[in-house]
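>
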Amino acid sequence: MEHNNKTNGDTQEDSHNTVSKSDAEEPISANLQQNIDKVKQALGNSNDIILREIRIGKIGNLKAAIFYTDGLTGTQALADYVMESLLMDMKNTELDQMISFGQDVLNVLKERALTFGGVTEVLNYEMLYTSLLSGDAILLFEGHCKGFSIGVRLWNQRSVTEPATETIVRGPRESFTESIRTNTALIRRKIKDRNLWLETRTIGRVTKTDVSIMYIHGIANDNTVEEVRKRLDRIDIDGILESGYIEELIQDETFTPFPTIYNTERPDVVAADLLEGRVAILVDGTPFVLTAPTTFIQFFQAAEDYYQRADVSSLLRALRFFSFFISLVGTSLYIAITTFHQEMLPTALLINLAAQREGVPFPAIIEALMMETALEILREASIRMPRAVGQAVSILGTLVIGTAAVEAGIASAAMVIVISITAISSFIFPAPNMSISVRLIRFPILILAASFGLFGMIIGFIALVLHLCSLRSFGVPYTSSLAPFILEDQKDTIFRLPRRRMKTRPRLISQKDVTRNQPSPAPKPRI
Amino acid sequence: MLENGKISLRQFAILVTLFTVGDAILVLPSVMASQAKEDAWIAAIVGEGFGLLVIFLFTAVARLNPGMTLVEYNKKILGTTLGTLLSLLFLVYFLTCAAANIREIGDFMATQSMPETPNQAIYIMFLFVVVMGIRRGLEVIARAGEMFFPGFILFVILFILFLLPQIHPENIQPVLAEGMKPILKGAMASSTYSSVQLVAFLMIIPYVNQPKHILKSFMSGTFLGSIFLILLILLTILVLGVDGTANNTYPSYALAKKINIGKFLERIEAILALMWFVTIFFKITIFFYSFILGLSQLLNLKEYKVLALPSAMLLMVFTIVLAPNTTFYHNVITWYWPFFDGTFNVLFPLLLLSVYGLRKMVFKQ
Amino acid sequence: MWAVAGILAIAIVIILIEVPRLLQRKMHKELWVFFTLLAAGTGLSIALELHWNIPSPLYLMIAIYKPISTLIYGLLK
Numbered sequence: 015m016e017h018n019n020k021t022n023g024d025t026q027e028d029s030h031n032t033v034s035k036s037d038a039e040e041p042i043s044a045n046l047q048q049n050i051d052k053v054k055q056a057l058g059n060s061n062d063i064i065l066r067e068i069r070i071g072k073i074g075n076l077k078a079a080i081f082y083t084d085g086l087t088g089t090q091a092l093a094d095y096v097m098e099s100l101l102m103d104m105k106n107t108e109l110d111q112m113i114s115f116g117q118d119v120l121n122v123l124k125e126r127a128l129t130f131g132g133v134t135e136v137l138n139y140e141m142l143y144t145s146l147l148s149g150d151a152i153l154l155f156e157g158h159c160k161g162f163s164i165g166v167r168l169w170n171q172r173s174v175t176e177p178a179t180e181t182i183v184r185g186p187r188e189s190f191t192e193s194i195r196t197n198t199a200l201i202r203r204k205i206k207d208r209n210l211w212l213e214t215r216t217i218g219r220v221t222k223t224d225v226s227i228m229y230i231h232g233i234a235n236d237n238t239v240e241e242v243r244k245r246l247d248r249i250d251i252d253g254i255l256e257s258g259y260i261e262e263l264i265q266d267e268t269f270t271p272f273p274t275i276y277n278t279e280r281p282d283v284v285a286a287d288l289l290e291g292r293v294a295i296l297v298d299g300t301p302f303v304l305t306a307p308t309t310f311i312q313f314f315q316a317a318e319d320y321y322q323r324a325d326v327s328s329l330l331r332a333l334r335f336f337s338f339f340i341s342l343v344g345t346s347l348y349i350a351i352t353t354f355h356q357e358m359l360p361t362a363l364l365i366n367l368a369a370q371r372e373g374v375p376f377p378a379i380i381e382a383l384m385m386e387t388a389l390e391i392l393r394e395a396s397i398r399m400p401r402a403v404g405q406a407v408s409i410l411g412t413l414v415i416g417t418a419a420v421e422a423g424i425a426s427a428a429m430v431i432v433i434s435i436t437a438i439s440s441f442i443f444p445a446p447n448m449s450i451s452v453r454l455i456r457f458p459i460l461i462l463a464a465s466f467g468l469f470g471m472i473i474g475f476i477a478l479v480l481h482l483c484s485l486r487s488f489g490v491p492y493t494s495s496l497a498p499f500i501l502e503d504q505k506d507t508i509f510r511l512p513r514r515r516m517k518t519r520p521r522l523i524s525q526k527d528v529t530r531n532q533p534s535p536a537p538k539p540r541i
Numbered sequence: 333m334l335e336n337g338k339i340s341l342r343q344f345a346i347l348v349t350l351f352t353v354g355d356a357i358l359v360l361p362s363v364m365a366s367q368a369k370e371d372a373w374i375a376a377i378v379g380e381g382f383g384l385l386v387i388f389l390f391t392a393v394a395r396l397n398p399g400m401t402l403v404e405y406n407k408k409i410l411g412t413t414l415g416t417l418l419s420l421l422f423l424v425y426f427l428t429c430a431a432a433n434i435r436e437i438g439d440f441m442a443t444q445s446m447p448e449t450p451n452q453a454i455y456i457m458f459l460f461v462v463v464m465g466i467r468r469g470l471e472v473i474a475r476a477g478e479m480f481f482p483g484f485i486l487f488v489i490l491f492i493l494f495l496l497p498q499i500h501p502e503n504i505q506p507v508l509a510e511g512m513k514p515i516l517k518g519a520m521a522s523s524t525y526s527s528v529q530l531v532a533f534l535m536i537i538p539y540v541n542q543p544k545h546i547l548k549s550f551m552s553g554t555f556l557g558s559i560f561l562i563l564l565i566l567l568t569i570l571v572l573g574v575d576g577t578a579n580n581t582y583p584s585y586a587l588a589k590k591i592n593i594g595k596f597l598e599r600i601e602a603i604l605a606l607m608w609f610v611t612i613f614f615k616i617t618i619f620f621y622s623f624i625l626g627l628s629q630l631l632n633l634k635e636y637k638v639l640a641l642p643s644a645m646l647l648m649v650f651t652i653v654l655a656p657n658t659t660f661y662h663n664v665i666t667w668y669w670p671f672f673d674g675t676f677n678v679l680f681p682l683l684l685l686s687v688y689g690l691r692k693m694v695f696k697q
Numbered sequence: 002m003w004a005v006a007g008i009l010a011i012a013i014v015i016i017l018i019e020v021p022r023l024l025q026r027k028m029h030k031e032l033w034v035f036f037t038l039l040a041a042g043t044g045l046s047i048a049l050e051l052h053w054n055i056p057s058p059l060y061l062m063i064a065i066y067k068p069i070s071t072l073i074y075g076l077l078k
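Residue numbers (the numbering used here), protein chains in the order written: chain G, 15 to 541; chain D, 333 to 697; chain V, 2 to 78.
1) So that I know if they touch, is there some Cβ in chain D lying closer than 8 Å to that of A477 of chain G?
2) Just to confirm my understanding: we take K35 of chain G, look at its own chain, exclude 5 residues before and 5 after, and list those with CB closer than 6 Å. What are they?
3) Tell me whether F466 of chain G is buried or exposed, calling it buried when 16 or more other Cβ atoms sit within 10 Å of its Cβ.
4) Tell me the DSSP secondary structure of R167 of chain G in three-state form.
5) Closest to L153 of chain G by CA distance: which of G:L288, G:G373, G:K77 and G:I438 is it?
6) I want to check one thing, is the minimum distance from the CB of L333 of chain G to the heavy atoms of the ligand FMN below 7 Å?
7) Going by C-alpha to C-alpha distance, which of V:W3, V:I8, V:F35 and V:M2 sits closest to K634 of chain D?
8) Between the Cα of Y455 of chain D and those of D:V653, D:L683, D:I665 and D:K696, spot the shortest distance and give me the residue it belongs to.
9) Would you please state the rounded distance, in angstroms, between the beta carbons of V239 of chain G and V293 of chain G? I believe it to be under 8 Å.
10) Determine the burial state of T32 of chain G: buried for a count of at least 16 other Cβ atoms within 10 Å of its Cβ, exposed for fewer.
11) Using a C-beta to C-beta distance shorter than 8 Å, which residues of chain V count as neighbours of E635 of chain D?
12) Would you identify the three-state DSSP class for T701 of chain D, choosing helix, strand or coil?
13) Exposed or buried, what is L468 of chain G when buried is set at 16 or more other beta-carbons lying within 10 Å of its beta-carbon?
14) Keeping to the same chain, check which residues put their C-beta closer than 6 Å to that of E156 of chain G; ignore five residues upstream and five downstream.
15) Determine which residues share a DSSP beta bridge with R69 of chain G and list them.
16) Between the segment 542-550 of chain D and the segment 384-391 of chain D, do three or more beta carbon pairs fall short of 8 Å?
17) Mind checking the segment 599-631 of chain D against chain G and listing, in chain order, the residues whose C-beta falls within less than 9 Å of any C-beta there?
18) Tell me which residue opens and which closes the alpha helix (DSSP H) that Y668 of chain D is part of.
19) Who are the neighbours of S643 of chain D on chain V, taking C-beta pairs under 7 Å?
20) My understanding is that I164 of chain G touches V96 of chain G, with C-beta atoms under 8 Å, so please give their C-beta distance in whole angstroms.
21) Check each candidate in D:L360, D:S445 and D:L631 and name the one with the smallest Cα separation from M358 of chain G.
22) Against F672 of chain D, what residues of chain V qualify as contacts under a CB-to-CB distance less than 7 Å, listed in chain order?
23) Taking 8 Å as the CB-CB limit, is T349 of chain D close to chain G?
24) Since V34 of chain V meets chain D, which of its residues come closer than 7 Å, beta carbon to beta carbon?
25) Select from D:P514, D:F481 and D:A365 the residue whose C-alpha is nearest the C-alpha of L566 of chain D.
26) Taking Cβ positions only, does E19 of chain V come closer than 8 Å to chain D?
27) Looking only at C-alpha atoms, which of D:E335, D:L414, D:L402 and D:T352 sits nearest to L737 of chain D?
28) Let me know the alpha helix (DSSP H) ranges lying completely inside the segment 165-216 of chain G, each 4 residues or longer, listed in chain order.
29) What in chain G is Cβ-close to S340 of chain D, meaning under 7 Å?
30) Using three-state DSSP, classify N121 of chain G as helix, strand or coil.
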């Protein structure tokens with residue numbers, strides 16, 4: 015069930031609304047019939063908006079109307095807690111009397127009659143429409159300029175299941191869902207500190223999507239939180255459908271292949287980020303939650319690193335860095351060496367390679383580009399393939415691209431091996447958006463390698479490093495902890511030191527309350 | 333302030349190290365060996381030692397004028413006319429050194445690694461990344477230095493390790509056979525190739541975030557670079573011998589060619605050359621940065637980054653025009669360049685220091 | 002011929018990259034310096050391309066430092 019989750023900061027973005035300005039502030043009229051007609055007309059008589067007219071009070075003299083949206087409202091709760099309390103439970107109590115003859119009817123109803131939890135007042139039409147279309151039930155009364163919005167929201171949503179994109183072996187298997195309230199609850203389950211604060215705003219003129227920020231007050235850098243708020247408030251767009259929209263609209267720089275805002279489906283990852291002082295941005299309608307600020311190193315850290323043993327994790331992480339290099343320069347290195355610097359290969363290998371390349375009609379670079387393109391096509395296609403066909407097509411792909419191409423003389427076996435290893439290495443990233451970046455950057459480096467050999471590659475590499483070093487994510491340098499080199503943050507970059515040595519938070523992210531824990535004694539007693 | 337970036341002491345030291353190694357790594361051993369024969373390594377020690385002294389000079393000048401770059405305090409100390417003149421001279425110096433470095437790497441590529449590639453293409457590629465660095469600012473350059481530094485150290489260690497099996501200790505002998513004179517000649521070369529070009533850093537010192545410890549940072553950077561150069565020169569003599577070093581234009585490259593590990597890792601000189609590209613890149617970038625920043629400060633501009641691209645065109649011309657051929661260039665480098673460096677790195681800072689002192693004394697009266 | 006066109010093309014690209022921003026911010030002094038440098042660079046490049054003889058500045062260096070060089074190296078012989 016959904017609670018009505020409006021907060022006091024939730025002002026309407028009046029000037030951007032498609033409804034005319036007068037509507038936004040126009041108070042609900044006292045005339046019930048007028049209200050009913052206006053609401054119906056405003057919503058175009060959509061027939062999933064249900065209207066129920068009732069009479070309340072001892073002598074039934076208070077006319078009221080209930081609006082709700084079929085499909086978004088929990089009709090059972092509506093019946094049990096609203097209708098029943100209004101129509102049945104008050105019978106023959108003093109409340110009945112008060113309603114029919116007393117003053118201050120609304121307060122009586124709100125404070126004494128309605129047995130549902132979330133009840134707020136609706137003051138104008140804009141609040142009415144937003145509330146109604148979010149699934150609340152709207153209660154309007156004859157002769158009163160205020161109405162009630164009762165948060166009986168309920169709709170079908172995906173249950174909390176395993177994450178689709180970030181699977182791990184050891185660790186929690188919950189993933190966020192499309193409902194923002196479920197997501198905030200999942201985070202609260204992990205962090206029960208009172209300093210975990212939540213702010214919600216509505217972004218998107220037409221979609222009016224709920225977007226929430228969560229952060230741990232006292233750990234998160236206040237400037238960062240403020241910056242996030244500012245950037246979110248600056249957004250002016252008609253619709254937000256996914257957190258990717260928000261990401262694009264608030265990120266520091268658009269002209270870069272590297273992501274500067276992290277996203278994840280996993281509550282434990284978000285909780286860990288919050289503990290380090292980051293800010294989480296949740297968007298209703300998508301299970302992908304954003305966290306900011308981000309550093310380059312974050313994309314090499316997997317949730318599992320912290321649940322497994324430190325030594326194993328350190329090795330795996332080193333492997334990830336290594337794979338990063340391989341996937342970035344693997345094919346390029348092969349082409350550069352075989353074209354320009356053959357002397358570097360041991361003679362036996364060189365003869366083998368030369369023999370393989372004998373039958374291939376294309377220069378190495380064309381061969382590589384062809385194979386790389388084919389691989390990219392296969393990769394994209396396999397995401398969207400219907401499951402039934404999946405297996406068969408994968409086998410086909412392997413055969414076509416691999417064996418058949420080699421036998422047909424279109425590619426050399428060594429090239430296929432190199433490209434496959436490079437491709438597989440790029441899957442090792444815990445974060446898919448970084449692997450996409452790597453795939454993109456590979457191509458310019460490939461061209462440089464083919465034109466100028468190793469020299470071209472180092473120039474490309476220098477350019478890449480310069481670019482990386484110039485990126486910032488919400489004020490934090492992107493290459494933080496490698497450059498500027500912060501010694502105490504090294505505990506979590508290439509290696510992962512044992513838990514009791516991980517005493518501090520990343521310095522540049524939180525800049526406050528940097529100690530996580532007190533130094534604890536070694537577990538093994540010294541003899 | 334034109335430059336808003338701030339760099340840390342560590343970043344400063346790293347830049348100094350990379351700069352000191354710079355192009356010396358490529359050409360210095362040859363020059364040293366031809367001047368000082370087997371005692372080239374002793375000459376290197378002497379030269380680098382002198383270089384460290386010069387660092388004191390630089391820091392002294394910088395300390396007198398905290399927060400100001402070289403160009404700025406030229407005006408302050410010498411007055412507007414003379415100060416501007418001196419600054420212009422320094423700008424010419426920076427530009428010339430930048431061009432020289434690009435020229436060197438271009439010549440190296442042309443003769444050793446990729447003779448088919450036209451020199452201009454190499455210059456353009458280098459200029460591309462140099463301009464990219466400058467347009468992004470000092471902080472980015474410093475961070476990039478930090479990122480390359482671990483790799484650099486690793487390369488150095490591996491380089492030395494791989495060559496140890498090939499040492500012929502007898503190559504060093506006889507020691508001090510011809511006395512101090514050749515050593516002094518060599519020392520001049522060694523110091524002016526590496527540390528006695530560091531005056532460019534007087535343009536960068538104001539942007540370090542902890543100015544009090546600049547001396548330590550400056551010294552450790554130079555020291556580290558010097559150690560490596562000394563080791564390198566020692567190694568070239570030990571492995572290649574005096575003649576092998578002196579007659580070879582690029583002895584360190586020849587040295588790399590000799591690396592042979594288990595018949596598997598051989599002829600890997602191209603990979604080692606990569607690290608040298610990086611050090612030369614930083615040297616060129618710092619010189620060019622000093623030029624552009626200096627020019628902007630001299631003309632009181634509000635922004636320096638915008639001048640990077642047009643200046644790069646100028647630099648390109650300068651590089652090509654610098655010398656009609658490598659022989660001419662080597663001739664100049666060996667016999668005249670040390671004095672060029674000496675003028676700007678020793679003479680002028682001493683000048684600034686003395687004028688400052690004189691003015692203080694005069695005003696006290 | 003083509004090279005000259007290429008040089009001019011590069012100059013134009015440089016202008017396109019940097020000038021709009023300067024104009025927008027009304028940085029006139031910077032524009033002047035920019036164009037001076039660009040003109041110098043482009044002009045000299047084209048001169049080079051047309052094989053005009055541009056003497057190396059190092060000749061100047063030789064001229065200036067020859068005396069001291071002979072002196073010091075003479076001492077050290």
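Built from N, CA and C at the ideal position, the CB exists for glycine as well. The model shown is predicted, which means the values in this text are computed figures rather than measured ones.
Based on what the coordinates show:
1) Counting from 1 along the first sequence, the entry for residue 477 of chain G is found at position 463. Output row for A477 of chain G: interface = yes.
2) For this step, residue 35 of chain G is matched to residue 21 along the first sequence. Residue placement at K35 of chain G cannot be trusted, given a pLDDT of 45 that sits under 50; the coordinates are not used to answer.
3) In the first sequence, counting from the first residue as 1, residue 466 of chain G sits at position 452. F466 of chain G comes out buried.
4) Here residue 167 of chain G is taken as the residue at index 153 of the first sequence, counted from 1. Strand at R167 of chain G.
5) Working through the first sequence from its first residue, we reach residue 153 of chain G at position 139. Nearest C-alpha to L153 of chain G: G:K77.
6) Absent from the structure shown: the ligand FMN. Ligands present: none.
7) Position 302 of the second sequence, counted from the first residue, corresponds to residue 634 of chain D. Cα-wise, what sits closest to K634 of chain D is V:F35.
8) Numbered from its first residue, the second sequence carries residue 455 of chain D at position 123. With distances taken between Cα atoms, Y455 of chain D lies closest to D:V653.
9) Counting from 1 along the first sequence, the entry for residue 239 of chain G is found at position 225. Counting from 1 along the first sequence, the entry for residue 293 of chain G is found at position 279. Contact holds; Cβ gap of about 6 Å.
10) The residue labelled residue 32 of chain G in the question sits at position 18 within the first sequence. For T32 of chain G, the predicted structure reports a pLDDT of 43, less than 50, and the residue's modelled location is therefore unreliable. A value from the coordinates is still provided. Classification for T32 of chain G: exposed.
11) Taking the first residue of the second sequence as position 1, residue 635 of chain D is located at position 303. Within 8 Å Cβ-Cβ: M28 and E31.
12) Any answer about residue 701 of chain D is impossible in this case: the structure gives chain D only from 333 up to 697.
13) Here residue 468 of chain G refers to the residue found at position 454 when the first sequence is read from its first residue. It is buried - the Cβ of L468 of chain G has at least 16 other Cβ atoms within 10 Å.
14) In the first sequence, residue 156 of chain G corresponds to position 142, counting from 1. L46 and K77, listed in sequence order.
15) Position 55 of the first sequence, counting from 1, holds the residue named residue 69 of chain G. Note: R69 of chain G sits in a beta bridge opposite G:K77.
16) yes
17) R599, I600, E601, A602, I603, A605, L606, M607, F609, V610 and F613
18) Here residue 668 of chain D refers to the residue found at position 336 of the second sequence. For Y668 of chain D, there is no enclosing alpha helix (DSSP H), as DSSP gives it neither H nor E.
19) Counted from its first residue, the second sequence places residue 643 of chain D at position 311. In chain order: L38.
20) For this step, residue 164 of chain G is matched to residue 150 along the first sequence. For this step, residue 96 of chain G is matched to residue 82 along the first sequence. So it is a contact: roughly 6 Å between Cβ atoms.
21) For the purposes of this step, residue 358 of chain G is taken as residue 344 along the first sequence, with counting starting at 1. Check the Cα spacing between M358 of chain G and each of D:L360, D:S445 and D:L631: the tightest is with D:S445.
22) Numbered from 1 along the second sequence, position 340 holds the residue referred to as residue 672 of chain D. Going along chain V in sequence order, the residues near F672 of chain D (Cβ under 7 Å) are M62 and Y66.
23) For this step, residue 349 of chain D is matched to residue 17 along the second sequence. No, T349 of chain D does not count as interfacial toward chain G.
24) Here residue 34 of chain V is taken as the residue at index 33 of the third sequence, counted from 1. Those are L631, L633 and L639, listed as they occur along chain D.
25) To locate residue 566 of chain D, count along the second sequence from 1; it is residue 234. Cα-wise, what sits closest to L566 of chain D is D:A365.
26) Walking along the third sequence from the start, residue 19 of chain V turns up at place 18. Answer yes: the Cβ-Cβ gap between E19 of chain V and chain D drops below 8 Å somewhere.
27) This structure cannot settle anything about residue 737 of chain D, because the visible part of chain D is limited to 333 through 697.
28) 194-204
29) Within the second sequence, residue 340 of chain D is the residue found at index 8, counting from 1. In chain order: P498.
30) Residue numbering aside, residue 121 of chain G sits at position 107 when the first sequence is read from its first letter. It is helical.
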